[in-house]
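In the numbering used here, each residue carries its 1-based index in the sequence shown increased by 8.
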Amino acid sequence: MKKTDLNELRKDPLLGRWIAVLSESVPPSEYRQDLSSEGVHEKSCILCAGRESETAGEIMLVRNASSTNVSHKWWTRVIPNFNPVFKVEGELGRRGEGMYDKMNSIGANEVIIESPHHNVQPEDMGLEQMSRVIQTYRDRISDLEKDSRLRYTLIYKNHGISAGSHLGHPVSHLASTPVIPKRVKEELDGAKQYFAYKERCIFCDVMREELRVGSRVILETRHFAAFCPYASKFPFETWILPKRHNCAFQDIRSDELEDLALILSSMLKKLRTLFPDLSYNYFIHSAPNRVPRKDHWHTLGEDFHWHLEIMPRFLRTSGFEWGSGFYILPTSPEDAAKYLREV
Ligand SMILES: [Zn+2]
Ligand SMILES: [Zn+2]
Ligand SMILES: [Zn+2]
Numbered sequence: 009m010k011k012t013d014l015n016e017l018r019k020d021p022l023l024g025r026w027i028a029v030l031s032e033s034v035p036p037s038e039y040r041q042d043l044s045s046e047g048v049h050e051k052s053c054i055l056c057a058g059r060e061s062e063t064a065g066e067i068m069l070v071r072n073a074s075s076t077n078v079s080h081k082w083w084t085r086v087i088p089n090f091n092p093v094f095k096v097e098g099e100l101g102r103r104g105e106g107m108y109d110k111m112n113s114i115g116a117n118e119v120i121i122e123s124p125h126h127n128v129q130p131e132d133m134g135l136e137q138m139s140r141v142i143q144t145y146r147d148r149i150s151d152l153e154k155d156s157r158l159r160y161t162l163i164y165k166n167h168g169i170s171a172g173s174h175l176g177h178p179v180s181h182l183a184s185t186p187v188i189p190k191r192v193k194e195e196l197d198g199a200k201q202y203f204a205y206k207e208r209c210i211f212c213d214v215m216r217e218e219l220r221v222g223s224r225v226i227l228e229t230r231h232f233a234a235f236c237p238y239a240s241k242f243p244f245e246t247w248i249l250p251k252r253h254n255c256a257f258q259d260i261r262s263d264e265l266e267d268l269a270l271i272l273s274s275m276l277k278k279l280r281t282l283f284p285d286l287s288y289n290y291f292i293h294s295a296p297n298r299v300p301r302k303d304h305w306h307t308l309g310e311d312f313h314w315h316l317e318i319m320p321r322f323l324r325t326s327g328f329e330w331g332s333g334f335y336i337l338p339t340s341p342e343d344a345a346k347y348l349r350e351v
């Protein structure tokens, strides 16, 4: 198959989840991974300031107006992913094939360059720069929400080799998909059911309960709380929840944005103090794109509540977890929160 072919989205008829199949199959030799590799070295990194012309199709940038130095004229920059799974051009082409459902892999895959500098950890960038990164997340989601073919935009970060990062330069990613991802759909459905039963937002209730009990709370700021969820899947899993109820991350106010930069960098610093070489992922769960649709439920604004989840990646998931979806937690959320509070 040619590289220009669109990737295909296939729906699992049993579980209802979508899988993206690349148009050009990766041969077995390319699966061999060197887990000791340290990512791209600064000298060969095209994401560093001064090499902008080597990454075509810039999507947006936050300009550094004060800089007279040509090599530092931006704070954050967004470019298309090098090997996008989802592509903006084309039609969805929803169709059936025998008993199966498929469509073209329409969407967006972007790389959010968090800093012009190569060797900087997000938690060391300073609050102003962290705020610019979060502002970039917000602006990209707001922009992609206008495309009515797209249902969901996920912002996520991979840090460290075991979390899938190989770039070396500090980046986050964005994937905008024509379907709501299953993991998000499960949260939306759970929140909707809870709201139908209690007429309250489950996340607001969780927040009240966590702040009342206190044993799983790690940090509380003016607008946010960070805690280890009661039934975490992974040890030291942390959720950051905004205190103001809102379904959509992109509606974040500027004072909240600065406060999120504070609590997120504090959490990443705490995790690094406990685990110096930690690999982690974080991602933002926000409402699906709010373009009016016939099947859209009316309580979305009331029943969902955006949040950020940080997933440390220590353990290899075993056959038990894969086979059962049942997770074993070697450190309790209460103890994990205590360790994280104390550093
Ligand atoms: Zn770099
Ligand atoms: Zn809420
Ligand atoms: Zn979530």
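Note that CB positions come from ideal geometry on N, CA and C, so glycine has one too.
Fair warning: this is a prediction, and the values are worked out from it, not measured in the lab.
message: Under 6 angstroms: does the beta carbon of Glu-218 sit that close to some heavy atom of ligand 3?
response: No; taking the cut-off as 6 angstroms, the Cβ of Glu-218 has no heavy atom of ligand 3 nearer than that.
message: Please return the same chain residues whose Cβ sits closer than 7 angstroms to the Cβ of Ser-240, not counting the five positions on each side in sequence.
response: Within the same chain, Ser-240 has close Cβ partners Leu-337 and Pro-341.
task: Taking all protein chains shown into account, decide if Gln-258 is buried (16 or more other Cβ within 10 angstroms of its Cβ) or exposed.
output: Buried, by the Cβ-count rule.
task: With Leu-162 as the anchor, note down where its beta strand (DSSP E) starts and where it stops.
output: Taken as a continuous stretch (DSSP letters only), the beta strand (DSSP E) holding Leu-162 covers 160-167.
- prompt: Where the beta carbon is closer than 6 angstroms to any heavy atom of ligand 1, which residues qualify, in chain order?
  reply: After applying the 6 angstroms Cβ criterion, the set is Glu-50, Cys-53, Leu-55, Cys-56, His-126 and His-177.
query: Got a list of residues with beta-carbon closer than 7 angstroms to any non-hydrogen atom of ligand 2, in chain order?
result: Ordered along the chain, residues surrounding ligand 2 are Cys-209, Phe-211, Cys-212, His-253 and His-313 [Cβ under 7 angstroms from any heavy atom].
task: With DSSP as the reference, label Arg-18 as helix, strand or coil.
output: Here Arg-18 sits in strand by DSSP.
- prompt: For the segment 60-146, which segments carrying the beta strand (DSSP E) assignment without a break, of at least 3 residues, lie completely within its bounds, in sequence order?
  reply: Fully enclosed beta strand (DSSP E) runs of 3 or longer: 68-71, 82-88, 103-105, 108-112 and 116-121.
message: Can you tell me whether Pro-36 is helix, strand or coil according to DSSP?
response: Looking at Pro-36 - three-state DSSP - the assignment turns out to be helix.
task: Taking 8 angstroms as the threshold, find out whether the segment 268-276 comes into contact with the segment 215-225 through three or more Cβ pairs.
output: Three or more Cβ pairs closer than 8 angstroms define a contact, and the segment 268-276 falls short of that threshold against the segment 215-225.
- prompt: Cβ-heavy atom distance between Glu-317 and ligand 5 below 6 angstroms?
  reply: With respect to ligand 5, the structure shown offers nothing to examine, as its ligands consist of ligand 1, ligand 2 and ligand 3.
query: Taking the beta strand (DSSP E) that Phe-232 falls in, what are its first and last residues?
result: Segment 232-235, the beta strand (DSSP E) holding Phe-232.
message: Measuring only the C-alpha atoms, how far is Thr-281 from His-306?
response: Straight-line measurement puts the Cα of His-306 at about 44 angstroms from the Cα of Thr-281.
field: Residues of its chain near Phe-312, where Cβ-Cβ distance is below 7 angstroms and the 5 sequence neighbours each way are ignored
entry: Apart from sequence neighbours up to five positions away, the residues of its chain that approach Phe-312 with a beta-carbon distance below 7 angstroms are Leu-196, Ala-199, Cys-255 and Ala-295, ordered along the chain.
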